[in-house]
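Enquirer: 1 is the number of the first residue of the sequence shown in the UniProt record's numbering; add one for each residue after it.
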Amino acid sequence: YSDYISEVSEYITLYKTMDELYRFWNTTIHCGSITCPIDDLLDKPVYDKNYSRVGTFFASIESDAPSRTYGVLIDSYLCDTWKAPRNTLMPIPTNYISNIKDTICLDKTLDELKEYWKQHFNSLSKKRKRKKYSRKGSF
1 YSDYISEVSE
11 YITLYKTMDE
21 LYRFWNTTIH
31 CGSITCPIDD
41 LLDKPVYDKN
51 YSRVGTFFAS
61 IESDAPSRTY
71 GVLIDSYLCD
81 TWKAPRNTLM
91 PIPTNYISNI
101 KDTICLDKTL
111 DELKEYWKQH
121 FNSLSKKRKR
131 KKYSRKGSF
């Protein structure tokens, strides 16, 4: 049948073990109809639908789960504009990726991305308040 399926009956029997499948699934990224090796995506520039720079593609492994979370290190200009801390890493859903060549293109605008991150992660929604410290007392 294929490189993976050895037999189809009431059950599907695979040639690959779970470990082999896990390695494959965690070394490629599926973006709609596009499948690409993660190594080809790391450190690539990411642009929005209008070809405005968003940042740089990163991947991280969740410690408690066998899945990966993909993220974009937000461009420093956007961090300043959005009043976010420098080196802000924001998750990016893989279904937002529309094209992969020398760059990664998303099918969302900067405003749509900012709104998504505000709604789901709350990191861009509020200005951070500074704590006031008193000189009195000990630490």
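The beta-carbon is built from N, C-alpha and C at its ideal position, and this holds for glycine as well.
Small disclaimer: the values here were computed from a predicted structure and weren't measured.
#1: I need the boundaries of the beta strand (DSSP E) containing T13, first residue and last residue.
#2: Which partner residues does R53 have in the DSSP bridge list?
#3: In the region 85-129, which residue ranges form an unbroken beta strand (DSSP E) of at least 3 residues, counting only runs that do not cross its ends?
#4: So what's I78 in DSSP terms, helix, strand or just coil?
#5: Throw me the rounded Cβ distance for the T94 and I29 pair, which I believe falls under 8 Å.
#6: Could you compute how far the alpha carbon of K49 sits from the alpha carbon of S9?
#7: Exposed or buried, what is I74 when buried is set at 16 or more other beta-carbons lying within 10 Å of its beta-carbon?
#8: Could you tell me the distance, in whole angstroms, from the CA atom of Y77 to the CA atom of E112?
#9: Which residue marks the beginning of the alpha helix (DSSP H) containing L42, and which one marks its end?
#10: Could you pull the DSSP bridge partners for I38 from this structure?
#11: Near R53, which residues of its chain fall below 7 Å by C-beta distance, leaving aside the five closest residues on each side in sequence?
#12: Considering only the alpha carbon of each residue, which of L41, S6, Y4, D19 lies closest to C105?
Expert: Here's the rundown:
#1: Along the sequence shown, one-based indexing puts residue 13 at 13. Segment 12-14, the beta strand (DSSP E) holding T13.
#2: Walking along the sequence shown from the start, residue 53 turns up at place 53. The partner list for R53 (beta bridge, DSSP) reads Y47.
#3: 89-91, 97-100, 104-106
#4: Against the sequence shown, residue 78 aligns to sequence position 78. In the sequence as displayed, the identity of residue 78 is Leu instead of Ile. In this structure, L78 counts as helix in the three-state DSSP scheme.
#5: Counted from its first residue, the sequence shown places residue 94 at position 94. Counted from its first residue, the sequence shown places residue 29 at position 29. 6 Å between Cβ atoms; contact.
#6: By one-based count along the sequence shown, residue 49 stands at place 49. By one-based count along the sequence shown, residue 9 stands at place 9. In this structure, the CA atom of K49 is about 45 Å from the CA atom of S9.
#7: As a working mapping, residue 74 is identified with position 74 in the sequence shown. Buried, because 16 or more other Cβ atoms sit within 10 Å of the Cβ of I74.
#8: Residue numbering aside, residue 77 sits at position 77 when the sequence shown is read from its first letter. Residue numbering aside, residue 112 sits at position 112 when the sequence shown is read from its first letter. The alpha-carbon atoms of Y77 and E112 are separated by roughly 17 Å.
#9: Residue 42 sits at position 42 when you count from the first residue of the sequence shown. Looking at the DSSP string, L42 is not in any alpha helix (DSSP H), and its letter there is neither H nor E.
#10: On the sequence shown, position 38 is the one that residue 38 refers to. Partner residues in a beta bridge of I38, as assigned by DSSP, do not exist.
#11: Start at 1 with the first residue of the sequence shown, and residue 53 comes out as number 53. Take R53, set aside five residues on each side of it, and the residues of its chain with a beta-carbon closer than 7 Å to its own are P45, Y47, D75, in chain order.
#12: Taking the sequence shown and counting its residues from 1, one reaches residue 105 at position 105. Nearest C-alpha to C105: L41.
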